[in-house]
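Worksheet: one structure, shown below.
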Amino acid sequence: MATIVRDDEVLTLLDELTTMTGRRDPYPRYARLREISPIVRAADDALVVTGYADCQTVVRDARFAHMPPDMLAFIGYPDWREHPALALMYTSMLVLNPPDHTRLRRLVSSAFTARRVQSLRPAIERMVGSLLDDLAADGGADFVAAFAFPLPVAVIGELLGVPAADRSQFQTLVRDWTQILERITPEVLERADPAAAAIRDYLAALLDERRRTPADDLLTALTQATDDQLTDDEVLANASLLFAAGFETTTNLLANGLHALLSHPEQLPLVARSPEAAVEELLRFDSPVQLSARIATEPIDLAGVTVEAGERVVAYLGAGNRDPQRFTAPDDLVLDRADNAPLSFGGGIHYCLGAPLARLEAQVALPALVRRFPSIALAGEPERRDSLSLKGFTAMPIRVAG
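One point on numbering: in the working numbering, the residue at position 195 of the sequence shown is 892, and numbering is uninterrupted.
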């Protein structure tokens, strides 16, 4: 039987993961936590798991649920519906549980089809080509600002129906709003609430326009759902979620992926040779999403111990992706790794709806980038984003030739 460990070393390691030093390279700390115990207890009493199998159980097993919105009252926000950031997030399918999640996911999935995603490939290829032309003309740029953000925001904007001229404003708005996934404090809400309100107001106006003038986009499809009708609030919450998630994760995937490749230049030729395998390994090696939290709805055996009903469990997906019991040489980047199944998009009923789109964008973009600029290199020190759950860069200067 495993033992839940909560000692000074565990608390120090978990605290270090909340610092910029720990966020730049969390993997040695994950490894040490795994060595200490498969399950540890944090200072806030949450249980933390770092092994692949245990993380997979947490995100797949329906007995581990998301925190119900009404529990926000127990952390000091009984008025959570009066906070735009909380109301928008906690009425979206990202954090809802069945039966509401089941209904919303079915309706949104019916509009977010594989056919619709695959139909975007030619547009993605054109966008990638245009962005690469701009990089070539400039001899380089900040990769995040010039490529990793504009590509996915253009793609999800195209899919959802957000006009091109309006998309750039959302990078800052979404980052301010999604800070509540990290922590909920008055200081965070001071930035997150106006950001969420701006996102919601914009999409509400666009929703009204689509009702008057339907278009071939996801927002129009959501307004026309006829199985179980979505309310306007549900459309807006889930459209906001899809738009935010549609570029946040993919921006991080592209930037993390390029950084990993530039740190392992011997692997660069393999990107174009096998894009699908390469993207899976880049997802595993430096996951855009590092953790996912759940609440046990009943006593559950996990990591050799019984997790009691009501206990909060945090699955460190980035740690599970580096578990030596699942992956050979897990700290090595191996773009043609066999039997690869990263946890980066979660699992179970909450598996990331946009995962196929994120994969498609990376499979098109990264090989094209490497083919066009075989001598691509960093032109300065990249800047990491200040986030524990979402791992990425805010800036990455590069130089290119060609």
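No residue lacks a Cβ here, since even glycine has one placed at the ideal position from N, Cα and C.
Pick helix, strand or coil for residue i, following the three-state DSSP scheme.
{"i": "residue 831", "result": "helix"}
{"i": "residue 937", "result": "helix"}
{"i": "residue 789", "result": "coil"}
{"i": "residue 825", "result": "helix"}
{"i": "residue 754", "result": "helix"}
{"i": "residue 1080", "result": "strand"}
{"i": "residue 1100", "result": "Outside the displayed range of the chain (698 to 1099) lies residue 1100, so it cannot be described from this structure."}
{"i": "residue 1090", "result": "strand"}
{"i": "residue 817", "result": "coil"}
{"i": "residue 989", "result": "strand"}
{"i": "residue 1025", "result": "coil"}
{"i": "residue 681", "result": "The question about residue 681 has no answer here: the residues shown for the chain are numbered 698 through 1099."}
{"i": "residue 710", "result": "helix"}
{"i": "residue 869", "result": "helix"}
{"i": "residue 836", "result": "coil"}
{"i": "residue 881", "result": "coil"}
{"i": "residue 998", "result": "strand"}
{"i": "residue 810", "result": "coil"}
{"i": "residue 745", "result": "strand"}
{"i": "residue 799", "result": "helix"}
{"i": "residue 1006", "result": "coil"}
{"i": "residue 893", "result": "helix"}
{"i": "residue 761", "result": "strand"}
{"i": "residue 740", "result": "coil"}
{"i": "residue 729", "result": "helix"}
{"i": "residue 1035", "result": "coil"}
{"i": "residue 841", "result": "helix"}
{"i": "residue 1011", "result": "strand"}
Hey, out of the options, whose CA is closest to residue i's CA?
{"i": "residue 1029", "options": "1069, 1068, 981", "result": "981"}
{"i": "residue 1081", "options": "890, 1016, 841, 1015", "result": "841"}
{"i": "residue 1045", "options": "811, 709, 964, 755", "result": "755"}
{"i": "residue 878", "options": "938, 926, 898", "result": "938"}
{"i": "residue 1089", "options": "1010, 1025, 972, 948", "result": "948"}
{"i": "residue 817", "options": "799, 791, 853", "result": "853"}
{"i": "residue 793", "options": "811, 768, 823, 780", "result": "768"}
{"i": "residue 1100", "options": "1013, 799, 839", "result": "This structure cannot settle anything about residue 1100, because the visible part of the chain is limited to 698 through 1099."}
{"i": "residue 713", "options": "1096, 871, 1095, 1085", "result": "1085"}
{"i": "residue 766", "options": "757, 789, 745", "result": "789"}
{"i": "residue 1031", "options": "992, 1006, 802, 977", "result": "977"}
{"i": "residue 1094", "options": "1003, 968, 959, 702", "result": "959"}
{"i": "residue 1001", "options": "729, 750, 814", "result": "750"}
{"i": "residue 1036", "options": "975, 1016, 984", "result": "975"}
{"i": "residue 950", "options": "1077, 805, 1053", "result": "1053"}
{"i": "residue 731", "options": "706, 970, 1050", "result": "706"}
{"i": "residue 863", "options": "882, 874, 899", "result": "899"}
{"i": "residue 727", "options": "741, 742, 708", "result": "708"}
{"i": "residue 1010", "options": "824, 992, 874", "result": "992"}
{"i": "residue 779", "options": "886, 970, 819, 983", "result": "886"}
{"i": "residue 741", "options": "758, 910, 824, 880", "result": "880"}
Count the other CB atoms within 10 Å of the CB of residue i; is the residue buried (16 or more) or exposed (fewer)?
{"i": "residue 717", "result": "exposed"}
{"i": "residue 1048", "result": "exposed"}
{"i": "residue 987", "result": "buried"}
{"i": "residue 1020", "result": "buried"}
{"i": "residue 1022", "result": "exposed"}
{"i": "residue 1024", "result": "buried"}
{"i": "residue 747", "result": "buried"}
{"i": "residue 844", "result": "buried"}
{"i": "residue 772", "result": "exposed"}
{"i": "residue 1007", "result": "exposed"}
{"i": "residue 869", "result": "exposed"}
{"i": "residue 921", "result": "exposed"}
{"i": "residue 943", "result": "buried"}
{"i": "residue 827", "result": "exposed"}
{"i": "residue 1098", "result": "exposed"}
{"i": "residue 831", "result": "exposed"}
{"i": "residue 1034", "result": "buried"}
{"i": "residue 1043", "result": "buried"}
{"i": "residue 734", "result": "buried"}
{"i": "residue 775", "result": "exposed"}
Is residue i close to the ligand NAP? I mean its beta-carbon at under 8 Å from any heavy atom of the ligand.
{"i": "residue 810", "result": "The ligand content of the structure shown is nil, which means the ligand NAP is not present either."}
The segment 946-959 contacting the segment 1062-1078, beta-carbon criterion three pairs below 8 Å | yes
Which ranges would you report for the alpha helix (DSSP H) in the segment 904-970 if only whole runs of at least 4 residues count?
-> 915-920, 929-960, 965-970
At a cut of 8 Å, does the segment 888-895 reach the segment 776-787 through at least three beta carbon pairs?
-> yes
Which whole runs of the beta strand (DSSP E) in the segment 1037-1075 are 3 residues long or more, in chain order?
-> none
Touch check for the segment 718-731 and the segment 1069-1088: three-plus C-beta pairs under 8 Å?
-> yes
Do the segment 914-922 and the segment 844-864 touch if we need at least three Cβ pairs shorter than 8 Å?
-> yes
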